[in-house]
Amino acid sequence: MLRVQLEDFGGKPLVTLIGGGKTAPDRAALYNSALVRYLDYNDSYIAKNETCHPSDNFGSVLASSEYAQKSGKEFLTALALAYQVQCRLSDVAPVRAKGFDHTTQGAYAVAAGVARALGLDQKGVANAVAMSGTAYNALRVTRTGSLSNWKGLAYPNTAFGATHAAFLAMRGMTGPPEVFEGNKGLMDAISGPFELDWAQENLEAVRRTSVKKYNAEFHAQSALEGILELRMAQQVRPEEIERVRIEIFDVAYHIIGRGKEGDKQQVRSKKDADHSLPYIMTVALLDNDVSPAQYAPERIVREDVQSLLRRVTIQPDETLSKHFPAEMPCRIQIILKDGRQFRNEKQDYEGFYTRPLSWEKAVAKFERLVAPSTDVAQRAAIAETVAHLETKEVAQLTELLRVSFTPTR
């Protein structure tokens, strides 16, 4: 749908669309960010009261870096800046409890990263951040109740607008300078007061981001690893299962476990499914995998998964909650029809920032996802370029992204 809209509306062919074609930078930011985000299979950063996906900034920073003809090193610096802004604002200025989406902090992150890639001076960066931060305060309803396409498009839309704002700042447009601390600014209207001394910040927040091992909402990752371990160790046969009990930290319970953000046992679409811990755990038990195939419409509505997910109960646990976000703890219990019970307990998973995914496994994940639309040589060229991007030009990467993929509709 996005591709059709871009083709209908057009755009000066300045920067690359992944999979072929070129368009204006703000529209490339929208489209490429959607490709990064829509599978819900990217990275995450967890603060006590906020979770974000900082690779959502990739599409915007890539588009602006290509426009400005930057090196790989300059691109990575701008991307690291976007990561730092989003992650640190998530730490000190959470907005989820006030009914706003994590894309709210993203508006500042995208603008900062794009402004850096464009080489704007201090005044230009300030105006980019001010315009974007003022304009894009999104509602959390995106991720509550009955979910829609917008769950995967909310940040790409912010990327589109924030990239546009940074380009306006490049041309001299100004924004409200007191966007954080001013009357009716972010602190006054949404987040409450906070302190953040940017002079003392580095660009190391990326080291506290985690990569998803499974194609599911981030807070489910340790529980998924745990139930798959239990399935294998005990040779559990799904047809023998009477019920499943999960105890988990409160943030996971409220977002994906039938807490504050809605009934997670009514699952009819991909958007519902990847934000439903009962569905995710059930399909893992049935299929021994959680990948894009587990979100095919025909898989979601089958009786086996619909029946078992109603026998999965999720409960928050105060003790486990105290260990979050340093850990992602959970307890898993499978009860069989013959009365046997199996248990597992997890603190983290492979891909959590304390137990990072290896480069080899990251490449394997990449190859598994893109194999249908690339050949072996193309995948190898992309992986090699990414591995050594600091010594290359952004143009080398964007050319590979433009010609390597066969677009699918």
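Last residue of the sequence shown: 408 in numbering that gives the first Met the number 0, with the numbers rising by one and none dropped.
Note that CB positions come from ideal geometry on N, CA and C, so glycine has one too.
Note that the structure is a prediction, hence the values are computed from the model and not measured.
The C-beta of Pro-296 has fewer than 16 other C-beta atoms within 10 Å across all chains shown, which makes the residue exposed. Out of Ala-361, Ser-70, Arg-267, Asn-148, the CA that lies nearest to the CA of Leu-34 is found in Asn-148. Asp-196 sits exposed, since fewer than 16 C-beta atoms from the chains shown fall within 10 Å of its C-beta.
The beta carbon of Arg-354 lies closer than 8 Å to those of Asp-347, Tyr-348 in the same chain, with the five residues before and after it left out. Per DSSP, the unbroken alpha helix (DSSP H) holding Ser-64 starts and ends at 57-66.
In this chain, the beta strand (DSSP E) harbouring Thr-50 covers 49-51.
Counting along the chain, no alpha helix (DSSP H) covers Gln-199, and no H or E run does either. With a threshold of 16 other beta carbon atoms within 10 Å, Thr-103 meets it and is buried.
For Asp-42, there is no enclosing alpha helix (DSSP H); the residue is found in the beta strand (DSSP E) stretching over 42-46. Within its own chain, the residues whose Cβ lies closer than 7 Å to the Cβ of Ile-313, once the five positions on either side in sequence are excluded, are Ile-245, Ile-247, Tyr-252, Gly-256, Arg-257, Leu-276, Pro-277, listed in chain order.
Pairwise C-beta distances place the segment 153-161 in contact with the segment 126-138, as three or more of them are shorter than 8 Å.
Going by beta carbons, Tyr-294 and Asn-214 fall inside the 9 Å limit.
Counting along the chain, no beta strand (DSSP E) covers Pro-328, and no H or E run does either. Taking C-alpha positions only, Pro-12 is separated from Ala-116 by approximately 19 Å.
Cα atoms of Thr-384 and Gln-340: separation of roughly 49 Å, rounded to the nearest angstrom. With three or more CB-CB distances shorter than 8 Å, the segment 30-47 counts as touching the segment 58-67. Contact between Gln-220 and Gly-350 is confirmed by a C-beta separation of about 7 Å, below the 8 Å threshold.
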